[in-house]
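Have a look at the structure below before the remarks.
Residue numbers (our numbering): 3 to 173.
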C-alpha cells in the first residue's frame, strides 16, 4: 500500500494502513461469529441443544465488526454515495460535496464517540452483563469506541485533504 495512495499525503497513507488493519481484525471477528453460529447449528442437529450464549456472542461480535469497517470506508472513499445527484456536477462541486460529507462524518463520528463513551461508563458502573455468559457489556463498547475514534480521525484527514484540494484548485 502506497503512502501516497488516493490523496497523496503520508498522513492519509498512515490512516489508511491503520484502518485497513482494523477492518481486517473486524473481519476476523465476524468470521469467529460465523464459526460460533455454525458450531451452534451443528451441535443443535447432533445433540439437540445449541451452544449456550451463542446469540450473545453474535450480538457483541457483529456490533464490533460492523463498527470496525466504518473508518476504512471513510478514509478509502468507499462510503455509499448518491451518484445520481452528482452525475453532472463538476469536479469542483464533487470536491465540495466530499469535503462537506467528511465534515458530517466527523460530526457524527465525534457525537457517537462521546455518547458511546458515556454508555460504556454506565455499563461498567452498573456491572451490566449478558444474561447467559455474563460477559460485561462494556467490553463490546470498547471495540466500538476504538472504531469511532478511528472514524473521527479518518473523517478529519479526509476533510483536511478535500479542503486543501479545493483551496489549491486540484480537484
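Glycine included, each C-beta is placed from N, C-alpha and C at the ideal position. Note that the structure is a prediction, hence the values are computed from the model and not measured.
Residues near residue i by beta carbon distance below 8 Å, same chain, minus five either side
i: residue 24; result: 70, 73, 74, 148, 149 and 152
i: residue 58; result: 132, 133, 134, 135 and 137
i: residue 7; result: Reliability fails at residue 7, whose pLDDT of 46 lies under 50, so the model's placement of it is uncertain and the value that follows must be treated cautiously. Correct list, in chain order: 14, 15 and 18.
i: residue 52; result: 42, 43, 45 and 46
Residue of the options minimising C-alpha distance to residue i
i: residue 14; options: 79, 34 and 113; result: 79
i: residue 122; options: 170, 145 and 61; result: 145
i: residue 66; options: 86, 139 and 173; result: 139
i: residue 33; options: 68, 51 and 46; result: 68
i: residue 126; options: 113, 142 and 154; result: 142
i: residue 36; options: 12, 50, 49 and 61; result: 61
i: residue 11; options: 169, 83, 171 and 159; result: 159
i: residue 81; options: 117, 91 and 99; result: 99
Beta-carbon contacts of residue i that lie in its chain and below 7 Å, excluding the five residues immediately before and after
i: residue 21; result: 73, 74, 77, 152 and 156
i: residue 56; result: 38, 39 and 42
i: residue 161; result: 101, 104, 105 and 108
i: residue 89; result: none
i: residue 28; result: 66, 67, 70 and 71
Residue i, buried or exposed, once every other Cβ within 10 Å from all chains shown has been counted against 16
i: residue 31; result: buried
i: residue 115; result: buried
i: residue 111; result: buried
i: residue 154; result: buried
i: residue 5; result: Residue confidence for residue 5 is low, a pLDDT of 36 falling below 50, so the modelled location carries little weight and cannot support an answer.
Neighbourhood of residue i by C-beta distance below 6 Å, restricted to the same chain and skipping five residues each side
i: residue 173; result: 93, 94, 97 and 167
heavy atom of the ligand HEM below 7 Å from residue i C-beta
i: residue 162; result: Judged by which ligands are present, the structure shown has none, so any question about the ligand HEM falls away.
Q | 4 or more residues per run - each alpha helix (DSSP H) lying fully within the region 3–49 | A | 12–48
Q.
Going residue by residue through the region 129–167, where are the continuous alpha helix (DSSP H) segments of at least 4 residues, counting only ones entirely within it?
A. none
Q: Jot down the residue ranges of each uninterrupted alpha helix (DSSP H) in the region 45–115, minimum 4 residues, whole runs only, in chain order.
A: 56–78 and 85–88
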